Amino acid sequence: MRSTYWHPSEYKPKHTQASSHTKKLQNILGKTRASIRNLFEKENLGGAKAARSFAKLSDHIILDHIIPLTGFSKNDSQNFALCAAFTYGSGYLAPFDPLDIILLHDEVKSTNLQKYFNDFLYYLWSAGFRIRVKIISLKAFSQQKNYRAAPEHLRFIFGKKDIFLKFQKENISLFQEKCSEIITKRLKSLYTPKDIFPFPKESENNLCPIEEILEFDFLLNFLPKNELTEQFPKKNQDKENENYPLSILITNKILLPKEIILFRFIWRFLWTVRFHLHYLTNKTQNNLITFLQPLVAAKMKYSGKGSENYQSQFMRHYFFAIRGLERLEKTVGPTLFAKISSSSPIANKLFLPIPKNNIFQDRPITILRTLEKSSLTRKALHPEGLGLIIRSASKLETLAGNPEAARIFLNLLRKAPLFLGKFFLNETGILSAMIRPWRRFYCATHISSQGNALLIDQEILNIVNVLALLENNFFQKKAPLASKIVKSISEWKALYLAALLQKIGEASEIDNYVENASIAKKIAKQLGLSEAEQETVYWLILHREILYESITHTGNLKQKIHEISRKIQSPNRLKLIYLLTVIDILALRNDLSVNWDESILQKNYFRLCNRLRGNLTLKAKNIFLIEKAKKEIESSLNDPEDKIFLTKYLKITSYDYWSKFIREEHQTHFQLFKKFFASPLEIQYQIKIHKQETVISIIVPRFTGILTYLTKRLREIQVNINYAEFYAFSSIDAALFVLHSPWYGGIIETVEESIQNLTILLKFAFDEDAKDFRNTLKRDFSINFERTSPLSFNEKILSPARLYFDNNFSDKFLFIEINGRDSKGCLSRICATFLKYKMYIKQANIRTYGVRITNIFHVTDEAGNKFSDQKILAKFEEDIISILDRNFDS
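Our numbering numbers the first residue of the sequence shown as 7 and each following residue consecutively.
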């Protein structure tokens, strides 16, 4: 019943004491509302009980205080009936909900009846109620053959009850004539994806969950009488403490025990939210719009948990209630509809046949096989079969490691039609059963910059959905290059899993790329992906922002492209990370996707292609760059003595070295190499301070274990490393170590004083060793755990140790990336571990950020070939993680 609100306009009852009655009624209603609010806010009444109590007290006001003021009480013939409809008709009422009143009359409506009814409405209005009114003649109603498209509850209030019962009987018969049509519409809604956001911009009244429940309960009134008495004996709705409208389903065990618990939570929770909304806005407010979310959360005393703030915690419960309601509707609805109408609209020709009882429970793989068959035949699941799948989805947990289950699941993730798509897998619980960590953020939210609570799982599934649409040429005009690239991808399993799992740890206490990548790698293994595909999933998630940074980077683009290419390493991975970036922008980055042009990203893609393909053109460019750098350094030297040492220096052929440093740095390194070649001392170093940074360059012989020695000595003299580069040049049998350390001088000491003090420290560390360097290196630089202890569990979680191995970077080197917690002596122990397993470091990039390290090493075996012994690598990884998980600071 959605008519407009009644207003008296110029009408006023001809009663001498109307104004005094109005004040009295306002006082009564005011006290009633105040008492309900007092009990509710002191938590003596939950929302559902408060709504029940307020409806009963409203009945009391109508019957004991308003009816006596009208002519209804003096009307002996009583050829009418007053009844309540909609929410009030169900026996529940929120503080500012309108009263939906229907006047039923059996004969021609008399003038007195109209006058009495107007008086009745006036007193209701003057008391403070908002009213929606409908007047129905039983004779006209039966002739018009109308039926209610949106079902409503009806409840008798006053008058002749036979008229009310006659109207109900007539209405039921008319409803049953159109029953099939109504049920067909409701069945279609089971397969329609719903926007779960509770605050639509278009209309504030698009979603009212409590009304959904009441409409569903209304259908119970239309069960056939014989079944109502034999199979579904309905409890008396007027019975005390009866707080749940779906009493038939609960009493007769149509709902499972866990579903009963879920429904009770939903019913109480939604009524409590509705009461808070009314009290906060002082009006009929059914929807949880954005600015009210934190206010309701605070009123309901949510405090947050861990990294989840109070608003996110409350919204997670709210979304859980909404989704739980949808699940219950899909589970119980079809069975109920079949009972209501003997000529059920559920045509088996349109659906897959219903499976035998308990087959989903006994053989969970049948669930996935049924979904696969539905996907291949493009036939929808039978509504009753849909309910069985929802109830049995948790059994899929027993299929962990099952190859057939993994195959079907991944195919559904990629190619399932809309009615079996990604959101379906999530809502039915299949996704949580197949990927157990997924349940950690089922219904979890994060708060946007505009204050909106956004569902994390819905955002991620939208990314996967965009990827599927990209495969089907949906974004041909907006992303032509991506639409072309996606056709050539063979590692689609890794790509889809990376898209799905890229934020798998976001709702937990930890949210970092390394943790997400590690969890995703384990899941990929469970789903039967090969080791190479597992590594690809790990790498894609670890570096998922790398191309997005390239289009937002404002510095030296050439240098940025060079750094990115060193991380991407192969053209195939470039394609995968490009697609992941594009779908992320199209799905989530609303600031870019609206008027987004792929051309900027395309340019960077082609730049990276040129660096990664390894073709003759690229090699020629590399040779040209090296020759250019060598000519620049050669032209800057005029001393004939320099020419002797320049010949040796120019034997360096490392592209990374010549491209990394600028001409001034090359000149500095040459002067240091000149000293190294000319002096009997085998360690040479130089200190420079520039822009609040100390740069120390060290030249040493290219001996095994040299990096272990350097890092240990620097730790002993307490030189902190922000970042460093290490190069072992086989062509000149020397190694270069360039480290950058923060400079805190300027106030305490000048640049000259700082250099002088550092020089003293370096002399103390290196000069004595340089006299007999070969014997010095024979000393034991192995790992030791003296006076150390393992990190606590919480520290390990906050700073997880992770290693990444890659064979695709180079034909000569194994690429190893080490991430973890930094502490004193940690770096030197890592380098010693390479020595322990006879892995020789040819190049290293060391980065320390606060308490974390990100170190990249290029290593070979003793013969200079790529290191490939997987057993040794496994032991090496165990040792490195053991080092990163220990506290050396104490």
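Glycine residues also receive a C-beta, built at the ideal position from the N, C-alpha and C atoms.
Remember, predicted model here, so these are calculated numbers, not experimental data.
Residue i classed as buried or exposed, judged by whether at least 16 other C-beta atoms fall within 10 angstroms
i	result
residue 340	buried
residue 542	buried
residue 66	exposed
residue 894	buried
residue 739	exposed
residue 778	exposed
residue 145	exposed
residue 874	exposed
residue 127	buried
residue 72	buried
residue 106	buried
residue 669	exposed
residue 159	buried
residue 452	buried
residue 685	exposed
residue 10	exposed
residue 579	buried
residue 780	exposed
residue 13	exposed
residue 886	buried
Residue i - DSSP class collapsed to helix/strand/coil
i	result
residue 388	coil
residue 206	Because residue 206 carries a pLDDT of 37, less than 50, the predicted location of this residue cannot be relied on, and the following value inherits that uncertainty. DSSP places residue 206 in coil when its eight states are reduced to three.
residue 882	helix
residue 656	coil
residue 629	helix
residue 696	coil
residue 828	coil
residue 573	helix
residue 812	strand
residue 407	coil
residue 707	strand
residue 508	coil
residue 551	coil
residue 360	coil
residue 166	coil
residue 536	coil
residue 398	helix
residue 642	coil
Per DSSP, the bridge partner or partners of residue i
i	result
residue 854	859
residue 796	892
residue 820	865
residue 847	865
residue 161	90
residue 138	11 and 106
residue 311	314
residue 690	705
7 angstroms Cβ shell around residue i - same chain, five flanking residues per side excluded
i	result
residue 205	Any reading at residue 205 is ruled out, since the residue's pLDDT is 38, under 50, leaving its predicted position unreliable.
residue 714	787, 834, 837, 838 and 841
residue 272	327, 330 and 331
residue 274	52, 53 and 54
residue 635	664 and 672
residue 406	532
Cβ-based neighbour list, residue i, same chain, cut-off 6 angstroms, excluding 5 preceding and 5 following
i	result
residue 394	366
residue 611	584
residue 457	296
residue 810	823
residue 732	713, 743 and 850
Beta-carbon contacts of residue i that lie in its chain and below 8 angstroms, excluding the five residues immediately before and after
i	result
residue 631	661, 664 and 665
residue 25	none
residue 755	763
residue 582	495, 497, 500, 501, 504, 542 and 546
residue 30	71
Below-8 angstroms beta-carbon distance, residue i vs any chain D residue
i	result
residue 605	The displayed structure is made up of one protein chain only, and chain D is not part of it.
> In chain order, which beta strand (DSSP E) runs of at least 3 residues are fully inside the segment 102-127?
Replying inline: 105-111
> Which runs of the alpha helix (DSSP H) spanning at least 4 residues fall entirely within the segment 254-306, listed in chain order?
Replying inline: 263-287 and 299-305
> Enumerated in chain order, which unbroken segments of the beta strand (DSSP E) with a length of 3 residues or greater are wholly contained in the segment 12-99?
Replying inline: 86-91
> Unbroken beta strand (DSSP E) runs of length 3 or more, entirely within the segment 724-770: which are they?
Replying inline: 729-735 and 740-748
> At which residue ranges does the segment 422-497 contain complete beta strand (DSSP E) runs of 3 or more residues, listed in the order of the chain?
Replying inline: 451-453 and 459-461
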